[in-house]
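Peer 1: When the sequence shown is numbered by my numbering, its final residue is 138 and no position is left out of the sequence of numbers.
For every residue, glycine included, the Cβ atom is placed at its ideal position computed from N, Cα and C.
Small disclaimer: the values here were computed from a predicted structure and weren't measured.
Can you read through this structure? Questions will come right after.
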Amino acid sequence: MIKTSEHWRQEIREKKIKADRWERKFQEAQMRNEALEKILLESWNEKGELKARVAELEKFFIIIEIIILRLS
């Protein structure tokens, strides 16, 4: 079967539509990945801050224990 120029144009249009869909899906996935990376980075930062705060509270607790022992 010989394809007419209209058949070729139609096939090209269909392939372009399909390629555009895949491009949109890729861009959406990329945006989701970037958002997840941002959330992960924020979580890591928060985890570091919380660890530092826990260490600070542990030191404070030890100081309080020492003071209580000396007062006893």
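Which same chain residues end up closer than 6 angstroms to H73 when comparing Cβ atoms and leaving out the 5 residues on each side of it in sequence?
Peer 2: Closer than 6 angstroms at Cβ, skipping near neighbours: no residue.
Peer 1: Start and end of the alpha helix (DSSP H) containing S71?
Peer 2: Segment S71 to L137, the alpha helix (DSSP H) holding S71.
Peer 1: Can you name, in chain order, every residue of its own chain whose Cβ lies under 7 angstroms from the Cβ of E94, other than the five neighbours on each side?
Peer 2: Answer for E94: no residue qualifies.
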